[in-house]
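All residue numbers for the sequence shown refer to the numbering used here, where the first residue is 15 and numbers rise by one. Glycine included, each C-beta is placed from N, C-alpha and C at the ideal position. Computed from a predicted model, the values in this text were never measured in an experiment.
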Amino acid sequence: MTTALAPFAGRTVARVGYGAAQLPRLHERRADAVALVRRAVELGVNHFDTAEFYGFGFANSVLREALRPDDGALVVTKVGADPDPGGRLPLRTAQRPEQLRATVEDNLRSLGADRLDVVNLRRLDTGPGLRPAGDQAVDLDDQLAVLTALRDEGKIGAIGLSSVTLDGLRTALPAGIACVQNAYSLVSRDDEDMLRLCLSTGIPWVPFFPLGGAFPGLRKLADEPVAHAVAESLGVTVAQVGLAWLLHHAPNTLVIPGTAEIAHLEANAAVAGIGFDAGTLAALDAVESRSNEVPLG
């Protein structure tokens, strides 16, 4: 059961949420995908992170079917990239203001919503992944202007940022920022200063790649001997150690691990109850950090 709670966008959410990026693995087993989301709700999860480009709308459609009004779920989606089924990667950058507006409309349709609770601008300035080029290199103020307009129109409840630099976050603070999503884990802690700024300003920190990177060249928690030793001593998995460390490291951290398996979902939800003594926490804190900077384009 997920019991640890934290404020987020004017609501109270469980600190262990669910990221829907792996839901498309169940594309041919839609009933299982719906059942997985329902099990998450049963476990106390009320924070779901999704995007239109997760399975070309599949993840959004599953959340639309599975979630009920009385679940009280906070659904966070993102803009800044769109599906690209025929491309080298399954997504393309979509950073221009008119593209951000169009992606908001796409998410509204596929989620069956009149208003998106939180929309994260995937800025692409830092961390692993795509980089904007040409007309996709857009000034942050222009992007915040259209997102603020959408918020004023009632189509967005709150604005978050993703793959943003420390200076970018400072620039955006006057617009009102609900959360920050950057790549961050026990083994890759490039953004410690940004986490601390978020903590001091009351902004939730929602790391992606919480167990290290999925891209070649990025360090993985599974390769860290200390994490294995701690897991063995506590009788938990290495992944649980990594997620629990994030929750212990800063009280404004929310984790959104993804999975397509109910057993894994239940293991993720249990990390809120994992404790570390002072020596164990010190050993984990001492793990060497390596950079997340691996651009793909």
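Where does the unbroken alpha helix (DSSP H) through Gly226 begin, and where does it stop? Unbroken run through Gly226: none, as it is neither H nor E.
For Ser247, count neighbouring Cβ atoms within 10 angstroms of its own Cβ and tell me buried if that reaches 16, exposed if not. exposed
Enumerate in chain order the residues of its own chain whose CB-to-CB distance from Asp312 is below 7 Å, with the five nearest sequence positions on each side excluded. Outside the displayed span of the chain (15 to 311) sits residue 312, for which this structure offers no information.
Selected residue, minimal CA-CA separation from Asn196, among Ala189, Asp207 and Glu302: Asp207
Taking the beta carbon of Arg187 as the centre, do at least 16 other beta carbons fall within 10 Å, making it buried, or is it exposed? It is Leu, not Arg, that sits at residue 187 in the sequence shown. Exposed, because fewer than 16 other Cβ atoms sit within 10 Å of the Cβ of Leu187.
Report all residues from its chain with a CB closer than 8 Å to the CB of Ala189; omit the five preceding and five following residues, and keep chain order. Leu158, Leu161, Thr162 and Ile173
Complete runs of the alpha helix (DSSP H) confined to the stretch 161–217 [at least 4 residues]: 180–186 and 206–215
As assigned by DSSP and simplified to three states, the class of Pro83: helix
Are any of the Cβ atoms in chain C nearer than 9 Å to that of Gly174? No chain C appears in this structure, which consists of one protein chain only.
Residue burial classification, Ser214 (beta-carbon count within 10 angstroms, cutoff 16): exposed
In terms of residues, what are the limits of the alpha helix (DSSP H) holding Asp139? It is not in any alpha helix (DSSP H) - Asp139 carries neither H nor E in the DSSP assignment.
For Gly256, which residues in the same chain have their Cβ closer than 7 Å to its Cβ, ignoring the five residues on either side in sequence? Ser199, Leu200, Pro224, Leu225, Leu235 and Ala241
Following a CB-centred definition, is Ala127 positioned closer than 8 Å to any heavy atom of the ligand MN? What this structure holds is no ligand at all, so the ligand MN is not there to describe.
Can you tell me whether Gly33 is buried or exposed? The criterion is at least 16 other CB atoms within 10 Å of its CB, across all chains shown. buried
Roughly how far, in whole angstroms, is the beta-carbon of Ala192 from the beta-carbon of Val250, given that I think they are within contact range, below 8 Å? Contact doesn't hold; Cβ gap of about 31 Å is too wide.
Could you give the distance in angstroms between the alpha-carbon of Thr26 and the alpha-carbon of Leu268? 11 Å
Tell me whether Ala300 sits in a helix, a strand or coil according to DSSP, three-state version. coil
Does the distance from the C-beta atom of Arg29 to that of Ala20 stay below 9 Å? yes
How would you label Asp86, buried or exposed, when you count the other beta carbons within 10 angstroms and need 16 or more for buried? Inspection of the sequence shows that residue 86 is occupied by Gly rather than by Asp. Burial call: exposed.
Where does Leu232 land, buried or exposed, given buried means 16+ other C-beta within 10 angstroms? buried
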